[in-house]
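Here's the structure, in structure tokens; my notes come after.
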Amino acid sequence: MAHDTVHDTARETRAGGRGKDERKGDGKDERSVGSLFAEVTSDVQTLVRQEAELAKTEVKEEMGRAGKAAGMMGGAGFAGWMVVLFLSFAGLFALGNVMDLGWAGLIIAGVWAVIGATLFLLGRGTLRRFSPKPTKTMESLKEDAAWVRHPTA
1 MAHDTVHDTA RETRAGGRGK DERKGDGKDE RSVGSLFAEV TSDVQTLVRQ EAELAKTEVK
61 EEMGRAGKAA GMMGGAGFAG WMVVLFLSFA GLFALGNVMD LGWAGLIIAG VWAVIGATLF
121 LLGRGTLRRF SPKPTKTMES LKEDAAWVRH PTA
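Counted from 1, the sequence shown has number 7 at position 7 by the UniProt record's numbering; the numbering is strictly sequential.
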């Protein structure tokens, strides 16, 4: 019972009231429209700040995933370049003992093209899972909007 009075007093003080319990004996709230509006405004401001923080956190997480995917793509490209460079020469000269060097070069290039395409597809699949939209925040905002329209539902 005392807790309710403290809660009501704190709410009325925050909303610009006189800081006392203004309820009548019949349990009806006698606060002014201005104090109710101030309370709603304060609550909406708090809600907007919380939603903004949620959006920032969600975007940071997604950017971290995008950074990892970009790093994998860059690493795959560099590793592929080095492998193609050194193994191509080794394979070229090894196959050059059996066939013409031109044909050996084409075979080596084809093998590394398949490897490069595989690495590219893996990196692209990782990037496709990246979503710049803060989906959790958007869902929360939809729920909040529905609640504001129908607060008793």
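Think of the CB as a built atom: it goes at the ideal place given N, C-alpha and C, for glycine as much as any other residue.
Would residue i be called buried (16 or more neighbouring beta carbons within 10 Å of its own) or exposed?
{"i": "T137", "result": "buried"}
{"i": "G123", "result": "buried"}
{"i": "A79", "result": "exposed"}
{"i": "A146", "result": "exposed"}
Which residue comes first and which comes last in the alpha helix (DSSP H) that contains residue i?
{"i": "R65", "result": "33-96"}
{"i": "K136", "result": "135-149"}
{"i": "R124", "result": "101-128"}
Just to confirm before moving on: does the CB-CB distance between residue i and residue j stay below 9 Å?
{"i": "G91", "j": "V59", "result": "no"}
{"i": "E39", "j": "D144", "result": "no"}
{"i": "H130", "j": "A55", "result": "Checking the displayed sequence, the identity of residue 130 turns out to be Phe instead of His. Not a contact, by the Cβ cut-off of 9 Å."}
{"i": "I115", "j": "V83", "result": "yes"}
{"i": "A66", "j": "L121", "result": "no"}
{"i": "A113", "j": "S88", "result": "no"}
From residue i to residue j, what does the alpha carbon distance come to, in whole angstroms?
{"i": "L95", "j": "A76", "result": "26 Å"}
{"i": "K24", "j": "R49", "result": "Note on K24: pLDDT 49, under 50, position unreliable in the model; the coordinate value appears next. Cα to Cα, K24 sits roughly 35 Å from R49."}
{"i": "R31", "j": "T135", "result": "38 Å"}
{"i": "N63", "j": "G34", "result": "Sequence check: residue 63 is Met here, not Asn. Distance between the alpha carbons of M63 and G34 is about 43 Å."}
{"i": "M73", "j": "T118", "result": "11 Å"}
{"i": "L85", "j": "L101", "result": "16 Å"}
{"i": "residue 176", "j": "G71", "result": "Since the first and last residues shown for the chain are 1 and 153, residue 176 lies out of range."}
{"i": "A10", "j": "S42", "result": "Only weak support exists for where A10 lies, its pLDDT of 44 falling under 50; the value from the coordinates is given anyway. Approximately 13 Å between the Cα atoms of the pair."}
{"i": "A104", "j": "W81", "result": "18 Å"}
{"i": "V44", "j": "L141", "result": "12 Å"}
{"i": "F37", "j": "P132", "result": "35 Å"}
{"i": "E53", "j": "R149", "result": "23 Å"}
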